[in-house]
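The structure appears right after this line, and notes come after that.
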Amino acid sequence: MQKAVLTTSKLSKTFSNGGLQQHVLKNLDLQIYEGDFTVIMGSSGAGKSTLLYALSGMDKPTLGEIHFEAQEISKLSNDKLAVFRRKNCGFVFQQIYLLDTMSLLDNVIASGLLISKSKKEIAARAKELFTAVGLTETIWRKFPSQLSGGEAQRAGIVRALINNPRILFADEPTGALNSASGAAVLNVMTEVNKNGQSIIMVTHDIKSALRGNRIIYLKDGTVCGECNLGSYKEEDVKRNEVLHSFLSEMGW
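Residue numbering for the sequence shown follows UniProt numbering, starting at 1 and increasing by one per position.
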């Protein structure tokens, strides 16, 4: 039986816009399981990114609860949420947000030093991760402005993984990449998931969604349905058919 690493209960998020209340998430009950590659899909405005930010402790819900295993994180102070994120969460966004004044290696080491005091150990792990995502020493000695989009995003994944996060959160990680670079990034994410890394990814992209084993579809701030695709296999034609059929049923 799979272990639930994140659980929400009646999760709601409301924003005020010009005096009007916009209910983005509505009484949402959800479990995220350890080791899954969970994909969150839905039309624009469905609440996908809002849900991702709430689950990761980047934003607080208006109502309801979020539990990380036995700990309720939805009631933590901002300072304690920051500590929670550093210890348990890694983030990959469409924009990389690497510091231009530092090399890739130093960018990653700086993130690692938020948790560990051993720069030597962090550097050794960083180099292992760079190698694992196909970035050579020539590349990780470069500065962000010298990189292609695919190289920068793979470096972003290394930075997200440097502190051994329990969950890797990704928001449209291939949205700004060409097809070849996007495929390279997805291959990295697929591989780290095979090695046990839990991933939650928001995407509009079918090719990206096919990498997940569990697809959650949001509509008007609630879970409209979900689809289990099983483990990813590149040659699995049936997988593509199942996902398209599911999305069609959801009104995609």
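Positions of the beta carbon are idealized from the N, C-alpha and C atoms, including for glycine.
Are the beta-carbon atoms of residue i and residue j separated by less than 8 Å?
i           : j           : result
residue 159 : residue 198 : no
residue 200 : residue 88  : no
residue 139 : residue 128 : no
residue 239 : residue 247 : no
residue 33  : residue 3   : yes
residue 54  : residue 117 : no
residue 221 : residue 24  : yes
residue 100 : residue 44  : no
residue 63  : residue 10  : yes
With DSSP collapsed to three states, give me the class of residue i.
i           : result
residue 143 : coil
residue 71  : strand
residue 205 : coil
residue 191 : helix
residue 96  : coil
residue 138 : helix
residue 168 : strand
Residue i lies in the beta strand (DSSP E); which residues open and close that run?
i           : result
residue 13  : 4-17
residue 20  : 20-33
residue 107 : Not the beta strand (DSSP E): residue 107 falls in the alpha helix (DSSP H), residues 104-112.
residue 218 : 214-219
residue 41  : 37-41
residue 196 : Taken as a continuous stretch (DSSP letters only), residue 196 belongs to no beta strand (DSSP E), as it is neither H nor E.
residue 226 : 222-228
For the alpha helix (DSSP H) that residue i lies in, which residues bound it at each end?
i           : result
residue 131 : 119-132
residue 249 : 237-250
residue 53  : 48-55
residue 156 : 149-161
residue 257 : Limits of the chain in this structure are 1 at one end and 252 at the other, which puts residue 257 out of reach.
residue 87  : 78-88
To which residues of the same chain is residue i closer than 7 Å at the C-beta, ignoring the five residues directly before and after it?
i          : result
residue 36 : 198, 213 and 214
Apart from the five residues just before and just after residue i, which ones in its own chain have a Cβ nearer than 8 Å to its Cβ?
i           : result
residue 73  : 57, 66, 67, 81 and 84
residue 114 : 86 and 163
With a threshold of 6 Å on Cβ separation, who are the neighbours of residue i within its own chain once the five nearest residues in sequence on each side are excluded?
i          : result
residue 22 : 15
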